[in-house]
Structures are given as C-alpha cells and as structure tokens.
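*Asks:* Right, I'll just put the structure down here and ask away after.
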Amino acid sequence: MATTSQIPPHTVNGSPGDPTTSIEIQGWVITSTSLPISNAPEIDEMQEMLHGLPIPEMPFGNNSIALKHDASGWEYSFNALGALSEVKLGKLGDGDGGVKVGYAKEWMQSRLEPNSDTPMPETSPTKEYDWTYTTTYPGRETKSSSPHLKWTPADPENPSHCIPLAQLSKRDPILYYAEIMLYEDELHDNGSSRLVIRLRVMPTCLFILSRLTVRVDGVVFRTFDTRIYHSFQPDPHSTSGTLHVVKECSGWEAPYDVVKRVSELAYFLWRTDSRGHTLFQHLPNPNDLTPLTDANFIAQVLTQLPKSVSQNPRAKSGTGWRGLGTRVEVCHLNPKPVVDGPQVAVDGA
Numbered sequence: 001m002a003t004t005s006q007i008p009p010h011t012v013n014g015s016p017g018d019p020t021t022s023i024e025i026q027g028w029v030i031t032s033t034s035l036p037i038s039n040a041p042e043i044d045e046m047q048e049m050l051h052g053l054p055i056p057e058m059p060f061g062n063n064s065i066a067l068k069h070d071a072s073g074w075e076y077s078f079n080a081l082g083a084l085s086e087v088k089l090g091k092l093g094d095g096d097g098g099v100k101v102g103y104a105k106e107w108m109q110s111r112l113e114p115n116s117d118t119p120m121p122e123t124s125p126t127k128e129y130d131w132t133y134t135t136t137y138p139g140r141e142t143k144s145s146s147p148h149l150k151w152t153p154a155d156p157e158n159p160s161h162c163i164p165l166a167q168l169s170k171r172d173p174i175l176y177y178a179e180i181m182l183y184e185d186e187l188h189d190n191g192s193s194r195l196v197i198r199l200r201v202m203p204t205c206l207f208i209l210s211r212l213t214v215r216v217d218g219v220v221f222r223t224f225d226t227r228i229y230h231s232f233q234p235d236p237h238s239t240s241g242t243l244h245v246v247k248e249c250s251g252w253e254a255p256y257d258v259v260k261r262v263s264e265l266a267y268f269l270w271r272t273d274s275r276g277h278t279l280f281q282h283l284p285n286p287n288d289l290t291p292l293t294d295a296n297f298i299a300q301v302l303t304q305l306p307k308s309v310s311q312n313p314r315a316k317s318g319t320g321w322r323g324l325g326t327r328v329e330v331c332h333l334n335p336k337p338v339v340d341g342p343q344v345a346v347d348g349a
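Here it is, written out as structure tokens:
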C-alpha cells in the first residue's frame, strides 16, 4: 500500500454532498458535477439540441466529468448531451444493433406523448430511433482542447499502451472519487438502459470507467465500456518522456437466455466495492433473477463468455451491432506549441 510520503501534493475542492467538486493533482484539474434529474425546460432544450430525439425517462443533463491537463492543453469530458447525440435517430440499419419486442411500435408511439392515456391512431407519425438508447459514446475532447493532440492506435507491443488492471486492483489510497449517472430508462417496463461514469484518482494514476448497460427482457443484454487511464509518470518506453492517456472501448452482447443460464450456473452475486474490488456473495436461491439487474454482474458474465458469442457481429444469435469488439487508442500529451509573438518593425532595420 502506498504510504503518506508517496502521496503527491494535491488539492481537493468542495465537500461531500456539494454538486461540484474537483481535485488538482500533477498538473491536472479533474472536476465532477452531480445534480438532480433535468427539469422540464431543460429536457425540452435537450430534445431540441438532439433534433427531436425522445429523451430517456431519467436524464441527468447537468451531470459531467471533465479532465484538463494544463501543460498540453488537453481537455476531455463526459456528459449526457454528448452521450445521447450518439443514439441513432432515424431508421435503424445494418450495424445499429436494432432490438425489437412484440409491441415496439406501440411503445415508441407512447413515448412521443407519455402523459396521454388515449392510444394514438395508426396514422400518427412516429419518430424512429434506437429505443434502447444504445450509445458508443467514449467521452469527447472539449471545444477548447488543444487541436494538436490526436488519438492514435495503441502499440500492442508497448505495455504502457494498455490498462494495467493489476495495478488498479492494488489497495492504493483513493484521493478522489466520483460517480455520476448520465441517463436511465426502463424501456417501458421492457428492461433497462443506463449510462454511469465512475472516476477515481490514486497517488500514481487516474482511471475512468464509463459503462452503458442495456437489458431487454427476454431478448438481449448489452454492455459498452470506455476506460480512460493515465499514469502520472512518463512513459518508460518513450524516448521523449512524454505523458499519455490510454482509451479502451469494448462492446459485448448476448441473448438474454444465455446470460440467464450462466447466472443460474454461477450461483453467486458479483459486486464491486468503491475501490473496484470484486466481492462474491452466494445467493440463497439460484432462481433469483436479481443479478440480472446488476450492471457489474452482467458485465462480468458477458466478458467471460467466448468472444465468438459476445463480441462477434456475425453471430447468428446477435444483432450485428457495430459496437462489438475492443479498440485501444492513446493520446500523447505533448506540450502546447509555442506561438511566437507578433514581429515588431524597428525603424532603420
């Protein structure tokens, strides 16, 4: 375990319960904002910005996590508007991973007028969109982020270009932790779709896990994870000694019955504590379906299935969703370019 002398100087701003808190550490400013569900005017504004996309039942439009690295000018954020902007609006095609239940058409009509008790006539137009709110949103650079910094494919031969899970499992002190919800929807009692972002800062690194979990009862389970990792120490495999950020995006899905069968065979409830450590609790009843509502349990099952089942867009039992598979990229945090000042003409020169 890291000792007090190993903890770098840092400043935590705000107190537990404050809507916005932050930490300043190793040239970074990391900020999280957690507020209640968006109100009606905010939802209307969000829907307008999303070109009419029906908004999830529980949108948290004011929540965000933001990263800023002073030396390079790199800025990155996670927010609900960005996530929902990548939900398919319009007719779903190949690769969109469309999912339907027996009454999907009626469900979409009801979402356009959720407070109406009167069935909409067959002639009423419906806005086509991905009603599961599936997004492959990995976060985004902000408008003020340095434009010279780009993501490039990771080098599989470079150990520092991967997420060091063993290091993250160590019981190092957590200097800062945040968990925010971006949106949640119960899919009109057909299941659930939720996007949650978790952040922790340790003495040696920062780590973010963005997890989308989709459950369509009787049909499919789907998970899309984005992991952001940064070591505060320069890359030992780089001759320039620059810092970098690793981004790993992974998508899995499997038929509902497959995950249910695995959960029955597993006969345990899988959870994580605030440090991300695995906890196991035997279930009193193997027929208890409670684990199938737990995002971490679902992810654990999906990641343990053969990739030919859970990450194969051509699987006969799948939806052909293009989000399947794993992609790793790095962004080297090169210092901001030095811009020469304007040249001043001197008389007689």
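Residue numbers (the UniProt record's numbering): 1 to 349.
The beta-carbon is built from N, C-alpha and C at its ideal position, and this holds for glycine as well.
Need the endpoints of the alpha helix (DSSP H) that Val309 sits in, please.
*Replies:* As a first step, residue 309 is located in the sequence shown; it is residue number 309 there, counting from the start. Segment Lys307 to Ser310, the alpha helix (DSSP H) holding Val309.
*Asks:* Using only the alpha-carbon positions, how far apart do Leu182 and Asn63 sit?
*Replies:* Taking the sequence shown and counting its residues from 1, one reaches residue 182 at position 182. Taking the sequence shown and counting its residues from 1, one reaches residue 63 at position 63. Those two C-alpha atoms are separated by around 6 angstroms.
*Asks:* Run through DSSP, which three-state label would Ser160 get?
*Replies:* Within the sequence shown, residue 160 is the residue found at index 160, counting from 1. Ser160 falls in the helix class under three-state DSSP.
*Asks:* Tell me Trp321's beta-bridge partners as DSSP assigns them.
*Replies:* Start at 1 with the first residue of the sequence shown, and residue 321 comes out as number 321. Trp321 pairs with nothing; no bridge assigned.
*Asks:* Give the single residue among Leu89, Val330, Thr11 and Pro173 whose Cα lies nearest to the Cα of Ser160.
*Replies:* Numbered from its first residue, the sequence shown carries residue 160 at position 160. Cα-wise, what sits closest to Ser160 is Val330.
*Asks:* Going by DSSP, name the residue or residues bridged to Gly251.
*Replies:* Locating residue 251 in the sequence shown gives position 251, counting from the first residue. Answer by DSSP bridge pairing, in chain order: Phe224 and Gly325.
*Asks:* Secondary structure at Pro16, three-state DSSP: helix, strand or coil?
*Replies:* In the sequence shown, the residue the question calls residue 16 occupies position 16. It is coil, neither helix nor strand.
*Asks:* Indicate whether Thr136 and Phe224 have their beta-carbon atoms separated by less than 7 angstroms.
*Replies:* Looking up residue 136 in the sequence shown gives position 136. Looking up residue 224 in the sequence shown gives position 224. Yes. Within cutoff.
*Asks:* Do you know how far the Cα of Arg140 is from the Cα of Glu86?
*Replies:* Numbered from its first residue, the sequence shown carries residue 86 at position 86. Numbered from its first residue, the sequence shown carries residue 140 at position 140. Approximately 11 angstroms between the Cα atoms of the pair.
*Asks:* With distance defined between alpha-carbon atoms, name the residue in Leu289, Phe232 and Asp294 nearest to Glu24.
*Replies:* The count along the sequence shown starts at 1 and reaches residue 24 at position 24. It is Phe232 whose Cα lies nearest to the Cα of Glu24.
*Asks:* Are the CB atoms of His244 and His332 nearer to each other than 7 angstroms?
*Replies:* In the sequence shown, the residue the question calls residue 244 occupies position 244. In the sequence shown, the residue the question calls residue 332 occupies position 332. For His244 and His332, yes; Cβs fall inside 7 angstroms.
*Asks:* When you compare each of Cys249, Trp131 and Arg261 to Gln311 by their alpha carbons, which one comes out closest?
*Replies:* Residue 311 sits at position 311 when you count from the first residue of the sequence shown. Considering only alpha carbons, the answer is Cys249.
*Asks:* Jot down the residue ranges of each uninterrupted alpha helix (DSSP H) in the stretch 135 to 160, minimum 4 residues, whole runs only, in chain order.
*Replies:* Runs of the alpha helix (DSSP H) inside the stretch 135 to 160: none found.
*Asks:* Within 10 angstroms of its Cβ, does Gly17 collect 16 or more other Cβ (buried), or is it exposed?
*Replies:* Looking up residue 17 in the sequence shown gives position 17. So Gly17 counts as exposed.
*Asks:* Give me the Cα-Cα distance between Asp235 and Pro138, rounded to the nearest whole angstrom.
*Replies:* By one-based count along the sequence shown, residue 235 stands at place 235. By one-based count along the sequence shown, residue 138 stands at place 138. Answer to the nearest angstrom: the Cα atoms are 23 angstroms apart.
*Asks:* Reducing DSSP to helix, strand and coil, say where Thr293 ends up.
*Replies:* Reading the sequence shown from its first residue, position 293 is the one you call residue 293. The answer is helix: DSSP assigns Thr293 an H, G or I state.
*Asks:* Under 7 angstroms, do Glu253 and Val220 count as touching if we go by C-beta distance?
*Replies:* Along the sequence shown, one-based indexing puts residue 253 at 253. Along the sequence shown, one-based indexing puts residue 220 at 220. Yes, the pair counts as a contact, with Cβ atoms nearer than the cut-off.
*Asks:* Could you check if Thr290 is buried or exposed, using at least 16 other CB atoms within 10 Å of its CB as the buried criterion?
*Replies:* Here residue 290 is taken as the residue at index 290 of the sequence shown, counted from 1. Exposed: under 16 other Cβ atoms inside 10 Å.
*Asks:* From Leu283 to Gly318, what does the alpha carbon distance come to, in whole angstroms?
*Replies:* Stepping through the sequence shown from its first residue, residue 283 is reached at position 283. Stepping through the sequence shown from its first residue, residue 318 is reached at position 318. A caution first: Leu283 carries a pLDDT of 46, below 50, which makes its placement in the model unreliable, though a value can still be read off. Straight-line Cα distance between these residues: approximately 29 angstroms.
*Asks:* Around the Cβ of His51, are there at least 16 other Cβ atoms within 10 angstroms (buried) or fewer (exposed)?
*Replies:* Sequence index remark: in the sequence shown, residue 51 carries index 51 (1-based). So His51 counts as exposed.
*Asks:* Let me confirm a value: Gln281 is counted as buried when at least 16 other C-beta atoms fall within 10 Å, else exposed. Which label applies?
*Replies:* Against the sequence shown, residue 281 aligns to sequence position 281. Note on Gln281: pLDDT 49, under 50, position unreliable in the model; no value is reported.
*Asks:* Relative to the ligand MG, is the shortest distance from any of its heavy atoms to the C-beta of Asn158 smaller than 6 angstroms?
*Replies:* With respect to the ligand MG, the structure offers nothing, as it holds no ligand at all.
*Asks:* Scan the stretch 15 to 97 and note each continuous beta strand (DSSP E) run of 3 residues or more that stays entirely inside, going in chain order.
*Replies:* Here the runs fully enclosed are 20 to 25, 28 to 33, 64 to 69 and 74 to 79.
*Asks:* How is the beta strand (DSSP E) around Ala178 delimited, first residue to last?
*Replies:* By one-based count along the sequence shown, residue 178 stands at place 178. Where Ala178 is concerned, the enclosing beta strand (DSSP E) stretches over Tyr176 to Asp185.
*Asks:* Quick check: what's the CA-CA separation for Arg200 versus Cys162?
*Replies:* The sequence position of residue 200 within the sequence shown is 200, counting from 1. The sequence position of residue 162 within the sequence shown is 162, counting from 1. Going from the Cα of Arg200 to the Cα of Cys162 covers about 18 angstroms.
*Asks:* Confirm, please, whether the CB-CB distance from Thr142 to residue 350 is below 7 angstroms.
*Replies:* An answer regarding residue 350 cannot be provided, because it is not within the stretch 1 to 349 covered by the chain.
*Asks:* Around the C-beta of Glu45, are 16 or more other C-beta atoms found within 10 angstroms, so that it is buried, or is it exposed?
*Replies:* Along the sequence shown, read from residue 1 onward, the residue named residue 45 stands at position 45. The residue in question, Glu45, is exposed, as its Cβ has fewer than 16 Cβ neighbours within 10 Å.
*Asks:* Three or more C-beta pairs under 8 angstroms: does that hold for the stretch 255 to 264 against the stretch 293 to 311?
*Replies:* The stretch 255 to 264 is in contact with the stretch 293 to 311.
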